[in-house]
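Undergrad:
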Ligand SMILES: *[C@@H]1O[C@H](CO)[C@@H](O)[C@H](O)[C@H]1NC(C)=O
Ligand SMILES: *[C@@H]1O[C@H](CO)[C@@H](O)[C@H](O)[C@H]1NC(C)=O
Ligand SMILES: *[C@@H]1O[C@H](CO)[C@@H](O)[C@H](O)[C@H]1NC(C)=O
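Here's what the structure looks like:
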């Protein structure tokens, strides 16, 4: 594993202290891909469980999920009313590289992610009810999904953003992130209190989902992974949005900076 080697190769020059968080980062040349990878990994590990309260950066692990809704094929809404996603700080960060001239970045990582909490499922679809002979699907209880070895590849546009404070930041354009994923492990589902009409069907449905997880993920997985990626970038991005680039990038970004 190359994971910790950068620690001896680079001098730590940037420290963020707080009562609970301590982040020490290498400073990197943009074209030193291994240093950049290590930098990104240090950022995620550093934010970790506590975030950095002084900079209003929330933790990345666990990530709190409150009323996060995913709509599946326009048929049902599945909401995590009150839950947590765990695993981001232990992701393996394989690549993190940016090209400032092209204003594009690329990132690859592999994570074991588990999401659990109080879920709710609602269906208001006449089509689905017709298919289920007038019975609605409903449920509210404990739910859990566990994804092993989720390999994610991102391409993201970014630029050196000059702000009113005179500092330059690495600004990612979140809406234009492109990504691809592959599940290299497996997926497990759990939920209780799931009903068809007034019949409890949790066990039957969970057995079916777990036995066919590959089919389930390829048919219905996309909106969940989309939501996960959106949240991941939101949380992982707080740092870069809050800390001027000169604290972790050695190159002079002035020639590239724009508002
Ligand atoms: C960035 O992209 C430009 C144009 O495609 C290329 O010439 C340059 O070598 C790239 N830089 C790095 C660090 O990959
Ligand atoms: C979540 O949604 C429920 C039901 O709509 C609502 O009662 C609750 O206040 C919401 N929680 C938050 C934190 O928005
Ligand atoms: C899902 O939620 C959206 C937005 O809250 C709502 O417009 C839609 O009717 C809901 N669909 C179902 C099937 O419950």
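Residue numbers (UniProt numbering): 1 to 259.
Just so it is clear, CB atoms sit at the ideal spot from N, CA and C, and this is done for glycine as well.
1) Check whether the segment 168-176 touches the segment 195-210, taking contact to mean three or more Cβ pairs, one atom from each stretch, closer than 8 Å.
2) How many Å lie between residue 211 and residue 78 at the Cα?
3) For residue 32, which three-state DSSP category applies?
4) Check whether the Cβ atoms of residue 73 and residue 111 sit closer than 8 Å, and answer yes or no.
5) Helix or strand or just coil, what does DSSP make of residue 150?
6) Say the cut is 7 Å; is the CB of residue 30 nearer than that to a heavy atom of ligand 1?
7) As a quick exercise: from 187, 126, 140, pick the residue whose alpha carbon is nearest that of residue 134.
8) Shorter than 7 Å, the distance from the beta carbon of residue 81 to the closest heavy atom of ligand 2, or not?
9) Pick out every residue whose C-beta is nearer than 5 Å to a heavy atom of ligand 2: which are they, in chain order?
10) With residue 221 as the anchor, note down where its alpha helix (DSSP H) starts and where it stops.
11) Can you list, in chain order, the residues of its chain with a C-beta nearer than 8 Å to that of residue 119? Leave out the 5 residues immediately preceding and following it.
TA: Result, derived from the coordinates:
1) no
2) 20 Å
3) coil
4) no
5) strand
6) yes
7) 126
8) yes
9) 66, 67
10) 213-242
11) 78, 79, 80, 81, 83, 139, 140, 141, 142, 143, 191
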